[in-house]
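First the structure, in the form of C-alpha cells, and then the observations on it.
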C-alpha cells in the first residue's frame, strides 16, 4: 500500500510553453501533498505544500505564479510550470501524506524529469 | 531553524564489509529522523525512522540506524554491504511544530564494489 505515481515520468518542452505534472496517491487518500525539486547531485528542495481544496503554501523564494499547484481531490495534485525556461529543467518529486494516518509519514512518487529546450 | 548534515559526499565500501553513512542534525526540541534511499532517476524510498523509544532502529534491506541524542547523530549502518546497495542516501528530519515538513541533508552516494 501507499503508492504514489507521477505522470509523466519525463517530459521535454520548448521554452515559453507550460507543462503539467500529475501526482496521484493510488491506494490512499492524501489531504496533503508536497512538491520538491531536485537539482543534479543535490538535495531535495521543498517547493510547496498543497492541501486538498485550498491554496498551496509556497516556500520562500518559489514563484507561485510560475509554479501553479492545484490539489482538487484527495488523490490528485498537479504542478504546472508556466512559461518554462531552461533554468526550470530539473527533477520534480511529489510526496503524499495519508489523510488518516501518522502525520510524519510521507510517500514519494518516482519523480518527473523536466527538460526545457 | 533545523538542519541536517551529511558530511560525506560519497562513501566507498567493498561488498561484504560493514558500511556507515553519517548524519548529524540540529533542531530545537525533539526530532523525528528518517533515512531514504534514491536510485537513479527514481523517487525516494523509505528505509527507516526514529520517532521515540529504542535508540537503535531497524529498517528495510538490513539497514539500521542509531539515534544518539548527545552527539545529535543518526548514522545509517549495515553489517554487510551489497553491490545493490549502491545508491544515494538521504537523511531527513521533521522538527516538531513545523507542520511535519521534511528537512533533507545533501545526500551521500554509497558505492559498493566487488
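Chains as they are written, first to last, in this note's numbering: chain A, 9 to 125; chain B, 509 to 622. Virtual Cβ for every residue (Gly too), placed ideally from N, Cα, C.
Contact check, residue 604/B vs residue 563/B, beta carbons under 8 Å: As a position in the second chain, residue 604/B is number 96, starting the count at 1. As a position in the second chain, residue 563/B is number 55, starting the count at 1. Contact: no.
Three-state class that DSSP yields for residue 30/A in the structure shown: By 1-based counting over the first chain, the position of residue 30/A is 22. If DSSP states are grouped into helix, strand and coil, residue 30/A belongs with the strands.
Residue range of the beta strand (DSSP E) that includes residue 542/B: Against the second chain, residue 542/B aligns to sequence position 34. Note, residue 542/B: beta strand (DSSP E), 539-546.
Short CB-CB distance (under 8 Å) between residue 54/A and chain B: Stepping through the first chain from its first residue, residue 54/A is reached at position 46. True, the Cβ-Cβ gap to chain B drops below 8 Å.
Under 9 Å by beta carbon: chain B residues contacting residue 118/A: In the first chain, residue 118/A corresponds to position 110, counting from 1. Neighbours of residue 118/A on chain B, chain order: 549, 550, 551.
Environment of residue 100/A [buried if 16+ CB atoms lie within 10 Å]: Here residue 100/A is taken as the residue at index 92 of the first chain, counted from 1. That one is buried.
Interfacial residues, the stretch 585-608 of chain B to chain A, with Cβ spacing under 8 Å: 598, 602, 607, 608
Candidates 608/B, 542/B, 513/B: closest to residue 574/B by CA position: For the purposes of this step, residue 574/B is taken as the residue at position 66 of the second chain. The residue with the shortest Cα to Cα distance from residue 574/B is 542/B.
Meets three-Cβ-pair contact criterion under 8 Å: the stretch 580-596 of chain B and the stretch 77-94 of chain A: no
Residue burial classification, residue 77/A (beta-carbon count within 10 angstroms, cutoff 16): Taking the first residue of the first chain as 1, we reach residue 77/A at position 69. Buried.
Classification of residue 85/A by the beta-carbon crowding that lies within 10 angstroms, buried from 16 upward: Translated into positions along the first chain, residue 85/A becomes position 77. Label assigned to residue 85/A: buried.
Below-8 Å beta-carbon distance, residue 613/B vs any chain A residue: On the second chain, position 105 is the one that residue 613/B refers to. True, the Cβ-Cβ gap to chain A drops below 8 Å.
Beta-carbon proximity check, residue 622/B vs residue 523/B, cutoff 8 Å: The count along the second chain starts at 1 and reaches residue 622/B at position 114. The count along the second chain starts at 1 and reaches residue 523/B at position 15. Taking 8 Å as the Cβ cut-off, residue 622/B and residue 523/B qualify as a contacting pair.
Distance CB(residue 138/A)-CB(residue 50/A) smaller than 8 Å: The first residue shown for chain A is 9 and the last is 125, placing residue 138/A beyond what the model contains.
Assigned exposure category for residue 125/A - 16 Cβ within 10 Å defines buried: For the purposes of this step, residue 125/A is taken as residue 117 along the first chain, with counting starting at 1. By the 10 Å Cβ count, residue 125/A comes out exposed.
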